[in-house]
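Residue numbers (full-length UniProt numbering), protein chains in the order written: chain F, 1 to 195; chain P, 1 to 195. Comments concern the structure below.
Protein chains: 2
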Amino acid sequence: MTTAKRDTYTPETLLSVAVRVFNERGYDGTSMEHLSKAAGISKSSIYHHVSGKEELLRRAVSRALDGLFGILDEDHARVGRAADRLEYVVRRMVEVLIAELPYVTLLLRVRGNTGTERWALERRREFDHQVAALLSAAAADGDVRGDVEVRLATRLVFGMINSIVEWYRPDGRGVSEREVADAVVRLVFSGLRRD
Amino acid sequence: MTTAKRDTYTPETLLSVAVRVFNERGYDGTSMEHLSKAAGISKSSIYHHVSGKEELLRRAVSRALDGLFGILDEDHARVGRAADRLEYVVRRMVEVLIAELPYVTLLLRVRGNTGTERWALERRREFDHQVAALLSAAAADGDVRGDVEVRLATRLVFGMINSIVEWYRPDGRGVSEREVADAVVRLVFSGLRRD
């Protein structure tokens, strides 16, 4: 028999439990009962902090989205040649993905069944568009190859970066965040082949 | 009220219905009842063709795996400089992924809850190792950059290729298979930046 923990959660620490459960069971497959069990507090204690699981989802994906959109406001993303700004954004995307791994993982798995999920998908598309615009500008400058269509290139680069959530584990035993970011920047901008 | 269709399925056509349902609901979330409804035939008619849903899964992921491993037996994958063989394999991976889209999609979503899923994961790892070995050989020849660790580079390249299942729709309105394959080969080997 488990005894309920005294509720010492803040909205922030409760969020990290919820995100773990959402990533394990899927958002649709998670009930307030599952969250209550995982947190070790009653459902009414959870309702003391948040209005329900959709609010937890909104807070979680907001954290991932704020991290990603925050990149675009940084100086190196705003000043300089488009190709250099794009390189900076690609590196920072890897860093944010790793720093906010469970939150970005959840964001990438959102499907669109609820209002919050549709809002998150819309925000993701907006971020993609802003990065695609940077790639277009770099192509217009002649710094980026013109023989791969911008939207297709953006999709493939995002595909490479987003796939990191499938295997990266921040346990200190594998490759470091820095090695992953360096590798992505090298492959995306210069490719595998040695000149 | 729906009337049951006369069972005109072959194991092959039944498989394509099953794969669609597995991809929509997830393999774990699919029951024989769901398959029976989607196919419009009774469960006992399905059992006439296959022993159950795990056999359908095995046939489906085998089709994807046979397609992928088949690439490694093709002449251009076996003869020539490692870097050229690698480039050929990358292009063919995109082609097989698109030609067998629902089957490869299912393979990439396999999680490891059943014996068949664990076997599929093991075969995927074996394929990854063979491509990584080709990349190692190309690096040893000096044709491929040495400053990205081989396993990490393999993961990132597979990440880019596998992400195609998330957005590619073979409806003739978007980019063609050829454009996608060209784009992947260009990005993977030469990167975005114009020299």
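All C-beta atoms, glycine included, are put in the ideal place defined by N, C-alpha and C.
- [ ] Find the residues of chain P that neighbour Ile-164 of chain F, judging by a C-beta separation of less than 9 Å, and give them in chain order.
- [x] Near Ile-164 of chain F (Cβ distances below 9 Å), the residues of chain P are Arg-155, Leu-156, Gly-159.
- [ ] Give the interface partners of Ala-99 of chain P over in chain F, defined as CB-CB distance under 8 Å, in chain order.
- [x] Those do not exist, as Ala-99 of chain P stays about 18 Å from chain F at its closest Cβ, beyond 8 Å.
Task: With 16 other Cβ atoms within 10 Å as the buried cut-off, status of Asn-113 of chain F - done: Exposed, since its Cβ has fewer than 16 Cβ neighbours within 10 Å.
- [ ] Report the rounded CA-to-CA distance for Arg-58 of chain P versus Arg-118 of chain P, giving the unit in angstroms.
- [x] Those two C-alpha atoms are separated by around 11 Å.
Open item on the list: Rounded to the nearest angstrom, what separates Leu-134 of chain F and Val-94 of chain F at their Cα positions?
Closed with: A straight line joining the alpha-carbon of Leu-134 of chain F with that of Val-94 of chain F spans about 17 Å.
Open item on the list: Can you tell me which residues form a DSSP beta bridge with Arg-92 of chain P?
Closed with: Note: Arg-92 of chain P sits in no beta bridge, so no partner.
TODO: Spell out whether any CB of chain C is found under 8 Å from the CB atom of Glu-149 of chain F.
DONE: Structure shown: chain C not included; protein chains present are F and P.
Open item on the list: Just to check my reading of the structure: His-49 of chain P and Pro-11 of chain P have Cβ atoms closer than 8 Å, yes? What is that Cβ distance to the nearest angstrom?
Closed with: Contact holds; Cβ gap of about 5 Å.
TODO: Quick one: list the residues of chain F neighbouring Leu-152 of chain P, beta-carbon separation under 8 Å, in chain order.
DONE: Near Leu-152 of chain P (Cβ distances below 8 Å), the residues of chain F are Val-175, Glu-179, Val-180, Ala-183.
Task: Cβ-based burial, Ala-83 of chain F [other Cβ within 10 Å; buried from 16] - done: With 16 or more Cβ atoms within 10 Å of its Cβ, Ala-83 of chain F is classed as buried.
- [ ] Return the chain-ordered list of same chain residues with a C-beta closer than 8 Å to the C-beta of Val-21 of chain P, the five sequence neighbours on each side being excluded.
- [x] Result list for Val-21 of chain P: Thr-30, His-34, Leu-35, Ala-38, in chain order.
TODO: With a 10 Å radius around its C-beta and 16 neighbouring C-beta atoms as the bar for buried, classify Thr-154 of chain F as buried or exposed.
DONE: Buried.
TODO: Could you tell me whether any Cβ in chain F is nearer than 8 Å to the Cβ of Ser-190 of chain P?
DONE: Closer than 8 Å to the CB of Ser-190 of chain P there is at least one CB belonging to chain F.
Open item on the list: I believe Val-185 of chain P touches Val-79 of chain P by the beta-carbon criterion, under 8 Å. Please report the beta-carbon distance rounded to the nearest angstrom.
Closed with: Cβ atoms of Val-185 of chain P and Val-79 of chain P stay farther apart than 8 Å, at about 19 Å.
- [ ] Give a yes or no on whether the minimum CB-CB distance between Asp-143 of chain P and chain F is below 8 Å.
- [x] The beta carbon of Asp-143 of chain P falls within 8 Å of a beta carbon belonging to chain F, placing the residue at that interface.
Task: alpha helix (DSSP H) segments (min. 4 residues) lying fully within the stretch 46-109 of chain F - done: Correct list: 53-73, 75-78, 82-99, 101-109.
- [ ] Would you decide whether Tyr-47 of chain F is buried or exposed? Buried here means 16 or more other CB atoms lie within 10 Å of its CB.
- [x] Flag for Tyr-47 of chain F reads exposed.
Task: Residues in the stretch 64-86 of chain P having any Cβ partner in chain F nearer than 9 Å - done: Listed by position along the chain: Ala-83, Leu-86.
Task: Any non-hydrogen atom of the ligand NAP within 7 Å of Ser-190 of chain F CB - done: With respect to small molecules bound, the structure shown includes none, and the ligand NAP cannot be examined in it.
Task: Contacting residues, own chain, Cβ-Cβ under 8 Å from Ala-139 of chain F (five flanking each side not counted) - done: Cβ-Cβ distances below 8 Å link Ala-139 of chain F to Arg-145, Gly-146, Val-150 in the same chain, with the five nearest sequence neighbours on each side left out; the list follows chain order.
TODO: Report buried or exposed for Ser-163 of chain P, applying the criterion of at least 16 other Cβ atoms within 10 angstroms of its Cβ.
DONE: Answer is buried; the Cβ neighbour count reaches 16.
TODO: Go ahead and label Thr-13 of chain P buried or exposed: buried means 16 or more other beta carbons lie within 10 angstroms of its beta carbon, across all protein chains shown.
DONE: Thr-13 of chain P should be labelled exposed.
TODO: Could you tell me whether the Cβ of Trp-119 of chain P comes closer than 8 Å to any Cβ of chain F?
DONE: Output row for Trp-119 of chain P: interface = no.
Open item on the list: 8 Å is my cut-off, CB to CB: does Leu-134 of chain P come that close to chain F?
Closed with: Taking Cβ atoms only, chain F never reaches closer than 8 Å to Leu-134 of chain P, which makes this a no.
Open item on the list: Within a Cβ cutoff of 6 Å, which residues of the same chain sit near His-76 of chain P, ignoring the five residues on either side of it in sequence?
Closed with: If we look at His-76 of chain P and ignore the five residues flanking it on each side, its Cβ neighbours are Tyr-88.
Open item on the list: Using beta carbons (cut-off 8 Å, strictly below), is Arg-124 of chain F in contact with chain P?
Closed with: Not an interface residue.
TODO: Can you give me the Cβ contacts of Val-17 of chain F inside the same chain, cut-off strictly under 6 Å, excluding the 5 residues immediately before and after it?
DONE: Ala-38, Ala-39.
TODO: Less than 8 Å between the CB atoms is what I'm expecting for Leu-106 of chain P and Val-61 of chain P, so what's the real figure, rounded?
DONE: Right, their Cβ atoms sit about 6 Å apart.
Task: Proximal chain F residues relative to Arg-193 of chain P, where beta-carbon distance stays under 8 Å - done: Those within 8 Å of Arg-193 of chain P in chain F are Ala-83, Asp-143, Val-144, Arg-145, Phe-189, Ser-190.
Open item on the list: Using a Cβ-Cβ distance cut-off of 8 Å, determine whether Met-1 of chain F contacts chain P.
Closed with: Interpretation of Met-1 of chain F is limited by its pLDDT of 46, a score under 50 that renders its predicted location unreliable; the figure taken from the coordinates is listed afterwards. No, Met-1 of chain F lies away from the interface with chain P (no Cβ there is under 8 Å from its Cβ).
Open item on the list: Applying the 10 Å Cβ sphere with the 16-neighbour rule, what's the burial state of Ser-44 of chain P?
Closed with: When all chains shown are included, Ser-44 of chain P counts as exposed.
Task: Beta-carbon spacing of Ile-71 of chain P, Val-180 of chain P below 8 Å - done: A distance of 8 Å or more separates the beta carbons of Ile-71 of chain P and Val-180 of chain P.
Task: Alpha carbon of Arg-173 of chain P to alpha carbon of Trp-167 of chain P, nearest angstrom - done: Rounded to whole angstroms, the separation of the alpha carbons of Trp-167 of chain P and Arg-173 of chain P is 13 Å.
Task: Nearest-angstrom Cα separation, counted from Glu-100 of chain F out to Gly-67 of chain F - done: Whole-angstrom Cα-Cα distance: 8 Å.
- [ ] Report buried or exposed for Arg-63 of chain F, applying the criterion of at least 16 other Cβ atoms within 10 angstroms of its Cβ.
- [x] Under this definition Arg-63 of chain F is a buried residue.
Open item on the list: Measuring straight from C-alpha to C-alpha, what distance separates Arg-85 of chain P and Met-32 of chain P?
Closed with: Roughly 43 Å separates the two Cα atoms.
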